[in-house]
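S.K.: When you line the sequence shown up against the working numbering, it's residues 17 to 361, in that order.
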Amino acid sequence: MVVSVKNDTRLTSSQSFLCAGFAGLFSKTVTSPLEVVKIKRQVGTFHGKGGFLQTFIVIYQNEGLRGFWKGNMVSCLRLFPYTAVHLTTYKKIVHLHMDELGFISQWRAILAGGLAGVAAALLTYPLEVAETRLIVQNCRQRTYIGAAHTISKIYRNEGLPALYRGFSLTVLGAVPFSVGCYVVYMNLDKLWQEPSFRFTPLQNFINGCIAAGVAQTLSYPFETVKRKMQAQSSRLPHFGGVDVHFSGTMDCFMQVIRNKGVLSLWNGLTANMIKIVPYSGLLFTCCEMCKQVCLYRNGYIVSPLSYQPTPGVDQSLGPNELEEVRRYWKNRNFGSRESSFGNRW
Numbered sequence: 017m018v019v020s021v022k023n024d025t026r027l028t029s030s031q032s033f034l035c036a037g038f039a040g041l042f043s044k045t046v047t048s049p050l051e052v053v054k055i056k057r058q059v060g061t062f063h064g065k066g067g068f069l070q071t072f073i074v075i076y077q078n079e080g081l082r083g084f085w086k087g088n089m090v091s092c093l094r095l096f097p098y099t100a101v102h103l104t105t106y107k108k109i110v111h112l113h114m115d116e117l118g119f120i121s122q123w124r125a126i127l128a129g130g131l132a133g134v135a136a137a138l139l140t141y142p143l144e145v146a147e148t149r150l151i152v153q154n155c156r157q158r159t160y161i162g163a164a165h166t167i168s169k170i171y172r173n174e175g176l177p178a179l180y181r182g183f184s185l186t187v188l189g190a191v192p193f194s195v196g197c198y199v200v201y202m203n204l205d206k207l208w209q210e211p212s213f214r215f216t217p218l219q220n221f222i223n224g225c226i227a228a229g230v231a232q233t234l235s236y237p238f239e240t241v242k243r244k245m246q247a248q249s250s251r252l253p254h255f256g257g258v259d260v261h262f263s264g265t266m267d268c269f270m271q272v273i274r275n276k277g278v279l280s281l282w283n284g285l286t287a288n289m290i291k292i293v294p295y296s297g298l299l300f301t302c303c304e305m306c307k308q309v310c311l312y313r314n315g316y317i318v319s320p321l322s323y324q325p326t327p328g329v330d331q332s333l334g335p336n337e338l339e340e341v342r343r344y345w346k347n348r349n350f351g352s353r354e355s356s357f358g359n360r361w
């Protein structure tokens, strides 16, 4: 199976980046309560001792509504550099493996996505650690205040390695994640009983949700251990609230399995699965709405609420080329009016 990796050339690079960035901020903020519940259950704080709904109740009783948006600012702050590095790296890797017609095999595209994700995570990992610490702490008895304070305090008290604790699990987790995506996408045509180039936007949305669900389920144990490693610190009360104490990555896996059981590696999976649909849906919808606004501003469509092309506009032209054409016709029409005015005299 091969895919074609093409961007909408009617948008500038900055517009594409802003559309993706704004959509990410909006969808992350709306689904933040589910992310908080997921991480609390992964780390094993007292909030997550009960079931999925019980965790919501305990967080609300102990921290109020604002407890569901802890760490959201850091998560949003991390989104822009992560997206920029991920997209740039992904494009470079993909273009290296494209054929002369601009096509790339499905597994190479997925591998490129995995490598780009690792590169982006390497740059932004300290912000992810800060997000975990902010979420795990009780917001009524705060140890950390904001992203900068969290990172500086961790660096000052625990050293630079603490800001990258558990990063190897990001790399290891990328393998089952990529395999999961690959397996799903290889069988989508069998699921829908038609070739992939005929998929509707709704089908593509469902495909994304299924792929994310399978991939995240396979890689979830690595993320659970990573969150525990990010949260644990001997300088914090109750070692950061982690339900097991450990000395390293393998020891953390062993301690979790021995004390909590194998299935505890998937704690918080329910919240994560429930989050996939609204997050993906909001991300897709918001990105498309932003794209329509940009296309309207660029002059390609008649309204920001419709994809109907503007009559007489060549859709194959880039934004700069279209602007040059407009300028040419504007100057030409202005010159024609001047000639007409002069001929009158």
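Every residue gets a Cβ at the ideal spot worked out from N, C-alpha and C, and that includes glycine.
Cutting at 6 Å between CB atoms, please list the residues of its own chain near Cys35, excluding the five before and the five after it.
M.R.: Closer than 6 Å at Cβ, skipping near neighbours: Cys303, Cys306 and Lys307.
S.K.: Suppose contacts are defined by Cβ-Cβ distances below 9 Å. Is Thr148 in contact with Val59 by that definition?
M.R.: Yes, the pair counts as a contact, with Cβ atoms nearer than the cut-off.
S.K.: Among Phe255, Phe183, Met289 and Gln246, whose alpha-carbon lies nearest the alpha-carbon of Leu234?
M.R.: Ranking Phe255, Phe183, Met289 and Gln246 by Cα distance to Leu234 puts Met289 first.
S.K.: Note down the Cα distance separating Gly277 from Phe84, rounded to an integer number of angstroms.
M.R.: Cα to Cα, Gly277 sits roughly 28 Å from Phe84.
S.K.: Please confirm whether Ala190 and Val134 have their CB atoms less than 9 Å apart.
M.R.: Yes. Within cutoff.
S.K.: Which term fits Ser43, buried or exposed, when burial requires 16 or more other beta carbons within 10 angstroms of its beta carbon?
M.R.: Ser43 is buried by the Cβ-count criterion.
S.K.: Any idea if Ile13 is buried or exposed, counting beta-carbon neighbours within 10 angstroms, 16 or more meaning buried?
M.R.: The chain is shown only over 17 to 361; residue 13 falls outside these bounds and no answer can be derived.
S.K.: Sort out for me which residues DSSP pairs Ser184 with in a bridge.
M.R.: In the DSSP output, where bridge partners are listed per residue, Ser184 has none listed.
S.K.: Between Lys86, Val53 and Thr140, which has its C-alpha nearest Thr71's C-alpha?
M.R.: Comparing Cα positions, the closest option is Val53.
S.K.: Which of the three DSSP states is assigned to Phe262 in this structure?
M.R.: Looking at Phe262 - three-state DSSP - the assignment turns out to be coil, as it is neither helix nor strand.
S.K.: Going by alpha carbons, who is nearest to Gly257 out of Thr61, Phe119, Glu174 and Gly264?
M.R.: Ranking the options by Cα distance to Gly257, first place goes to Thr61.
S.K.: Measuring CB to CB, does Pro335 end up less than 9 Å from Thr105?
M.R.: Contact flag unset, no.
S.K.: Taking Met89 as the reference, which of Gly64, Gly80 and Ala146 has the closest Cα?
M.R.: Nearest of Gly64, Gly80 and Ala146 to Met89, Cα basis: Ala146.
S.K.: Can you find the residues in the same chain that come closer than 7 Å, C-beta to C-beta, to Val309, ignoring five residues on each side of it along the sequence?
M.R.: Pro320.
S.K.: Once the 5 residues before and after Arg82 are set aside, which same chain residues still bring their CB inside 8 Å of it?
M.R.: Excluding sequence neighbours, Arg82 sits near Cys155.
S.K.: Just the C-alpha distance for Cys268 and His254, rounded to the nearest angstrom, thanks.
M.R.: One C-alpha to the other measures close to 16 Å.
S.K.: Closest to Arg26 by CA distance: which of Ser332, Glu340 and Pro325 is it?
M.R.: For Arg26, the nearest C-alpha among the options comes from Ser332.
S.K.: Since Ser194 and Leu127 are thought to touch, with beta carbons under 8 Å apart, how far apart are those beta carbons, to the nearest angstrom?
M.R.: About 6 Å; that satisfies the 8 Å criterion.
S.K.: For Pro211, which of helix, strand or coil comes out of DSSP?
M.R.: In the structure shown, Pro211 sits in coil (DSSP, three-state: anything other than H, G, I, E or B).
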